[in-house]
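Enquirer:
Chains as they are written, first to last, in the UniProt record's numbering: chain A, 1 to 203; chain B, 1 to 203.
#1: Figure out for me which residue from A:157, A:174, A:197, A:154 has the closest Cα to the Cα of residue 141 of chain A.
#2: Rounded to whole angstroms, how far is the Cβ of residue 72 of chain B from the Cβ of residue 42 of chain B, which I believe are closer than 8 Å?
#3: Do the CB positions of residue 75 of chain B and residue 35 of chain B come within less than 9 Å of each other?
#4: What residue does the alpha helix (DSSP H) around residue 100 of chain A start on, and which one ends it?
#5: State the DSSP-derived secondary structure class of residue 6 of chain A, mapped to helix, strand or coil.
#6: May I ask you to list, following chain order, the residues of the segment 106-136 of chain A that have a beta carbon less than 9 Å from some beta carbon of chain B?
#7: Classify residue 169 of chain A as helix, strand or coil using the three-state DSSP reduction.
#8: Could you confirm whether any beta carbon from chain A is found closer than 9 Å to the beta carbon of residue 205 of chain B?
#9: Is it the case that the Cβ atoms of residue 81 of chain A and residue 152 of chain B are separated by a distance below 9 Å?
#10: Could you check the C-alpha separation between residue 194 of chain B and residue 177 of chain B for me, to the nearest Å?
#11: Of all Cβ atoms in chain B, is any one closer than 9 Å to the Cβ of residue 199 of chain A?
#12: Between which two residues does the alpha helix (DSSP H) holding residue 196 of chain A run?
#13: Residue 103 of chain B touches chain A at which residues, Cβ-Cβ below 8 Å?
#14: Report the residues of the segment 158-181 of chain A with a CB closer than 7 Å to any CB of chain B, ordered along the chain.
#15: Residues of chain A with CB under 7 Å from residue 29 of chain B, in chain order?
#16: Quick check on residue 99 of chain A - is its C-beta less than 9 Å from some C-beta in chain B?
#17: At a CB-CB cut-off below 7 Å, which residues of chain B make contact with residue 142 of chain A?
#18: Whole angstroms is fine: what's the gap from residue 124 of chain B's alpha carbon to residue 7 of chain B's?
#19: Would you report the Cα separation of residue 9 of chain A and residue 113 of chain A, rounded to the nearest angstrom?
#20: Need the endpoints of the alpha helix (DSSP H) that residue 24 of chain A sits in, please.
#21: Just the chain B side, please: which residues come within less than 8 Å of residue 52 of chain A by C-beta, in chain order?
#22: Would you kindly check if the distance between the Cβ of residue 131 of chain B and the Cβ of residue 181 of chain B is under 9 Å?
#23: Could you check where the alpha helix (DSSP H) with residue 64 of chain B kicks off and where it finishes?
#24: Under three-state DSSP, which class holds residue 144 of chain A?
#25: Would you tell me roughly how many angstroms separate the C-alpha atoms of residue 5 of chain A and residue 53 of chain B, rounded to the nearest one?
#26: Only counting the same chain, and skipping five residues up and downstream in sequence, which positions put a Cβ closer than 6 Å to that of residue 45 of chain A?
#27: Does DSSP put residue 48 of chain A in a helix, a strand or coil?
#28: Taking the CB atoms as reference points, tell me whether residue 105 of chain A and residue 89 of chain A lie closer together than 9 Å.
#29: Go through its chain and collect everything with a Cβ distance to residue 21 of chain A's Cβ below 8 Å, but skip five positions before and after it.
#30: For a contact defined as C-beta to C-beta under 7 Å, what are the partners of residue 39 of chain A on chain B?
#31: Thinking C-beta only, is residue 168 of chain A closer than 9 Å to residue 108 of chain A?
#32: Is it the case that the Cβ atoms of residue 37 of chain B and residue 146 of chain B are separated by a distance below 9 Å?
#33: Which residues in chain B have a C-beta closer than 7 Å to the C-beta of residue 95 of chain A? List them in chain order.
#34: What whole-angstrom Cβ distance do residue 149 of chain B and residue 183 of chain A have, given they're in contact under 8 Å?
#35: Taking 9 Å as the threshold (C-beta atoms), are residue 30 of chain A and residue 40 of chain B in contact?
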């Protein structure tokens with residue numbers, strides 16, 4: 001499992017001529033770092049008398065961030081598996097009557113993995129707002145790094161969804177996925193920039 | 001060393017109530033992922049007859065990306081060490097006549113580590129342009145994820161520089177570092193957005 005590799009080894013493999021892991025896995029790691037930083041803010045807020053008023057919310061935030069982190073870590077493996085299926089389909093003999101259909105099915109899978117990852121990143125961005133607003137202000141900067149990581153992950157997923165959609169010949173599938181992606185991205189740049197500026201001003 | 005920890009363990013420690021590793025280390029990891037993705041594009045370009053015209057440039061890009069990745073990985077440890085020095089200074093007895101000076105010196109160190117990291121991230125962003133323009137177009141999406149990672153890392157460094165500068169009482173030091181940070185950030189949002197949109201359009 002990639003999550004069991006050392007950071008150094010993971011980055012070596014990312015930089016190698018092996019096409020996996022690639023940008024899709026890097027996006028999932030960035031999203032997971034965003035979730036971990038939300039977890040850090042919550043962990044440094046719970047149990048402190050000064051923040052007793054938000055104790056229950058911070059416990060819930062911690063649990064939600066941990067769950068999203070695990071789902072984003074799972075997306076690293078899912079992305080590699082989906083890409084490997086695309087490669088396997090392209091390697092089928094050119095005269096195999098099922099080759100075209102196998103490629104299309106694999107591309108749909110390789111679209112849905114980063115799309116699911118994008119959904120998780122939007123959830124992490126939402127948690128970053130809560131961490132920044134209600135968490136221990138001494139770790140506000142970590143909430144700021146968290147939202148930047150989750151947002152970069154979201155836009156990275158958008159790239160990976162788009163590159164696959166461009167090769168899919170099912171207009172209904174393409175329109176549906178593109179519509180969901182656009183909804184996930186809509187207004188997000190401005191939202192994140194506002195939170196970033198708000199955090200910078202409050203440091 | 002943090003770079004020898006598994007991704008899973010690193011993220012667990014990031015999410016824990018231990019203040020290190022925190023956002024500074026996460027920023028360095030994101031920058032290193034950006035550099036690794038540049039390395040991936042170069043690795044999948046060199047040695048292919050079709051890209052012979054850029055072979056020498058891609059070898060140089062690969063070497064430069066590998067060097068920046070190692071320097072960014074080293075910044076993970078440097079960030080933790082600098083933060084630990086700040087914490088140690090704050091823990092000096094309140095009546096220690098050197099306490100104030102020790103805190104200020106530690107804060108200056110904790111400013112210069114993310115500032116150096118920010119410089120490296122700007123270099124990675126520069127390499128992403130080259131990877132996107134001259135590298136194998138089949139991995140253009142990976143150059144896109146790389147620039148998003150490096151840019152999020154740069155802005156994360158800006159947060160960490162700022163939080164330390166805000167506690168430093170040496171106006172000349174503060175003005176000098178803030179000036180350099182502003183120069184590193186100047187025009188970068190627009191530059192990265194343009195490259196991102198260019199890549200999305202070419203996928």
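Where is the CB? At the ideal position from N, CA and C, for every residue including glycine. These numbers were taken from a predicted model, which means no experiment stands behind them.
Expert: Put simply:
#1: Residue numbering aside, residue 141 of chain A sits at position 141 when the first chain is read from its first letter. Among A:157, A:174, A:197, A:154, the Cα nearest to that of residue 141 of chain A is on A:197.
#2: As a first step, residue 72 of chain B is located in the second chain; it is residue number 72 there, counting from the start. As a first step, residue 42 of chain B is located in the second chain; it is residue number 42 there, counting from the start. No, residue 72 of chain B and residue 42 of chain B are not in contact; Cβ-Cβ is about 17 Å, not under 8 Å.
#3: The residue labelled residue 75 of chain B in the question sits at position 75 within the second chain. The residue labelled residue 35 of chain B in the question sits at position 35 within the second chain. Not in contact: residue 75 of chain B and residue 35 of chain B (Cβ atoms no closer than 9 Å).
#4: Counted from its first residue, the first chain places residue 100 of chain A at position 100. Per DSSP, residue 100 of chain A belongs to the alpha helix (DSSP H) from 99-134.
#5: Here residue 6 of chain A refers to the residue found at position 6 when the first chain is read from its first residue. Note: residue 6 of chain A maps to strand in three-state DSSP.
#6: none
#7: On the first chain, residue 169 of chain A is found 169 positions in, with the first residue counted as 1. Correct three-state label for residue 169 of chain A: coil.
#8: The question about residue 205 of chain B has no answer, for chain B in this structure spans 1 to 203.
#9: Against the first chain, residue 81 of chain A aligns to sequence position 81. Against the second chain, residue 152 of chain B aligns to sequence position 152. No, the pair does not count as a contact, with Cβ atoms beyond the cut-off.
#10: Locating residue 194 of chain B in the second chain gives position 194, where the first residue counts as 1. Locating residue 177 of chain B in the second chain gives position 177, where the first residue counts as 1. Near 27 Å, if we compare the C-alpha coordinates of residue 177 of chain B and residue 194 of chain B.
#11: Residue numbering aside, residue 199 of chain A sits at position 199 when the first chain is read from its first letter. So, interface residue.
#12: Position 196 of the first chain, counting from 1, holds the residue named residue 196 of chain A. Start and end: 188-202.
#13: In the second chain, the residue the question calls residue 103 of chain B occupies position 103. Residues of chain A passing the Cβ test: none, with the nearest at roughly 15 Å.
#14: 159, 160, 162, 163, 166
#15: Locating residue 29 of chain B in the second chain gives position 29, where the first residue counts as 1. Within chain A, the residues near residue 29 of chain B are 7, 33.
#16: Your numbering for residue 99 of chain A matches position 99 in the first chain. Not closer than 9 Å to any Cβ of chain B, the Cβ of residue 99 of chain A fails to qualify, so no.
#17: Walking along the first chain from the start, residue 142 of chain A turns up at place 142. Ordered by position in chain B, the residues that pass the 7 Å Cβ test against residue 142 of chain A are 22, 23.
#18: Your numbering for residue 124 of chain B matches position 124 in the second chain. Your numbering for residue 7 of chain B matches position 7 in the second chain. Approximately 22 Å, taken between the alpha carbons.
#19: On the first chain, position 9 is the one that residue 9 of chain A refers to. On the first chain, position 113 is the one that residue 113 of chain A refers to. When the Cα atoms are used, residue 9 of chain A and residue 113 of chain A turn out to be separated by approximately 23 Å.
#20: Indexing the first chain from 1 puts residue 24 of chain A at position 24. Where residue 24 of chain A is concerned, the enclosing alpha helix (DSSP H) stretches over 23-43.
#21: As a working mapping, residue 52 of chain A is identified with position 52 in the first chain. Correct list: empty, because the minimum Cβ distance to chain B is about 16 Å.
#22: To locate residue 181 of chain B, count along the second chain from 1; it is residue 181. To locate residue 131 of chain B, count along the second chain from 1; it is residue 131. Between residue 181 of chain B and residue 131 of chain B, the CB-CB gap reaches or exceeds 9 Å.
#23: The residue given as residue 64 of chain B occupies position 64 in the second chain. Element bounds for residue 64 of chain B: 55-90.
#24: Residue numbering aside, residue 144 of chain A sits at position 144 when the first chain is read from its first letter. If DSSP states are grouped into helix, strand and coil, residue 144 of chain A belongs with the helices.
#25: Your numbering for residue 5 of chain A matches position 5 in the first chain. Your numbering for residue 53 of chain B matches position 53 in the second chain. Each residue's alpha carbon lies about 36 Å from the other.
#26: Position 45 of the first chain, counted from the start, is the residue given in the question as residue 45 of chain A. Around residue 45 of chain A: 51, 58, 135, 136.
#27: The sequence position of residue 48 of chain A within the first chain is 48, counting from 1. DSSP places residue 48 of chain A in coil when its eight states are reduced to three.
#28: The count along the first chain starts at 1 and reaches residue 105 of chain A at position 105. The count along the first chain starts at 1 and reaches residue 89 of chain A at position 89. A contact, by the Cβ cut-off of 9 Å.
#29: Along the first chain, one-based indexing puts residue 21 of chain A at 21. Correct list, in chain order: 2, 10, 13, 14, 76, 79, 80.
#30: Mapped onto the first chain, residue 39 of chain A falls at position 39. Result: 15.
#31: Here residue 108 of chain A refers to the residue found at position 108 when the first chain is read from its first residue. Here residue 168 of chain A refers to the residue found at position 168 when the first chain is read from its first residue. Cβ distance < 9 Å, so residue 108 of chain A and residue 168 of chain A count as in contact.
#32: The sequence position of residue 37 of chain B within the second chain is 37, counting from 1. The sequence position of residue 146 of chain B within the second chain is 146, counting from 1. Yes, Cβ-Cβ distance for residue 37 of chain B and residue 146 of chain B is below 9 Å.
#33: Your numbering for residue 95 of chain A matches position 95 in the first chain. Those do not exist, as residue 95 of chain A stays about 24 Å from chain B at its closest Cβ, beyond 7 Å.
#34: Taking the first residue of the second chain as position 1, residue 149 of chain B is located at position 149. Taking the first residue of the first chain as position 1, residue 183 of chain A is located at position 183. The Cβ separation is near 24 Å, so there is no contact.
#35: Residue mapping note: residue 40 of chain B aligns to position 40 of the second chain, counting from 1. Residue mapping note: residue 30 of chain A aligns to position 30 of the first chain, counting from 1. Contact flag unset, no.
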